[in-house]
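Quick note: to get our numbering, add 1346 to the position in the sequence shown (first position is 1).
Backbone N, C-alpha and C define an ideal beta-carbon position, used for all residues, glycine too.
Every value quoted in this text rests on a predicted model; they were computed, and no experiment measured them.
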Amino acid sequence: MEEKVADVVKIAREFHARGWLPATAGNLSVRLDDKRVCITASGTHKGHITEKDFVIVDYEGNTLEGKKKPSAETLLHLMVYKSFPDVNAVFHVHTINSTLVSRFLEDKVILKDYELLKAFDGIDTHESVVEIPIFQNMQDMRALSNILQKAIDKNEVRYGFLLKSHGIYAWGKDTMDAYVKLEALDFLFDCELRSMHLQRSSL
């Protein structure tokens, strides 16, 4: 467990340095086993995060270890873990690109014909399409997790999702895989935003 937490501490600090986790935004988690998940504590500044800023919860969100309060969005992480057994890391960040693209588009981001789509599992050609759904932001995490579950059941969520004016959730089989997926999505969102700007400028 110590190694996994140390890995997330390093990644959280990297994300903060990249501007992906401003102030106390975002939350990161790792699956410890089939009964426990380790997640960043609520209100933690990721640029100064330490091993003490984590909470261990069960799959219902109950605190098992840790003196701090788990992230308010713990239920969303747990929904991903319960829905995708091969996922072992979930990262939620507030990048500028993910925040903006969720404001400009209504219900999903359609990514197609990009070479970088190969970063996602099961894709081996640029002639592919990846859809990232956008959900309305809300403070009721149980209601939001129910909405997420319904979308997952309909196979509408695979690689990640956006919350309107909020940020991006992405995951992977381990922390590095989740990092790669997140980095790929942020790059592709940047491409989409620049394309939209160029299209409007040419009108």
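Return the CA-CA distance between residue 1540 and residue 1501, expressed in angstroms with no decimal places.
About 29 Å.
Can you list, in chain order, the residues of its chain with a C-beta nearer than 8 Å to that of residue 1538? Leave out the 5 residues immediately preceding and following it.
Excluding positions up to five away in sequence, the list reads 1447, 1455 and 1457.
By how many angstroms is the C-alpha of residue 1383 removed from the C-alpha of residue 1496?
Between residue 1496 and residue 1383, the C-alpha separation is close to 22 Å.
Starting from residue 1515, follow its DSSP beta bridges and name the residues at the other end.
Note: residue 1515 sits in a beta bridge opposite 1438 and 1507.
Suppose you measure from the CA of residue 1505 to the CA of residue 1422; what does that come to, to the nearest Å?
Answer to the nearest angstrom: the Cα atoms are 14 Å apart.
Start and end residues, alpha helix (DSSP H) containing residue 1473:
Secondary structure note for residue 1473: it is in no alpha helix (DSSP H), with a DSSP letter that is neither H nor E.
Runs of beta strand (DSSP E) lying entirely within the stretch 1352 to 1435, each at least 3 residues, in chain order:
Listed in chain order, they are 1373 to 1377, 1383 to 1386, 1400 to 1403 and 1409 to 1411.
Buried or exposed: which applies to residue 1471, given that a residue is buried once 16 or more other Cβ atoms fall within 10 Å of its Cβ?
Burial call: exposed.
Proximity winner among 1476, 1449, 1424 and 1492, relative to residue 1527 (alpha-carbon distances):
Minimum Cα distance to residue 1527 is reached at 1476.
Where residue 1348 and residue 1378 are concerned, what is the direct C-alpha to C-alpha distance, given to the nearest angstrom?
Distance between the alpha carbons of residue 1348 and residue 1378: 10 Å.
Alpha carbon to alpha carbon, what distance is there between residue 1515 and residue 1361?
Going from the Cα of residue 1361 to the Cα of residue 1515 covers about 13 Å.
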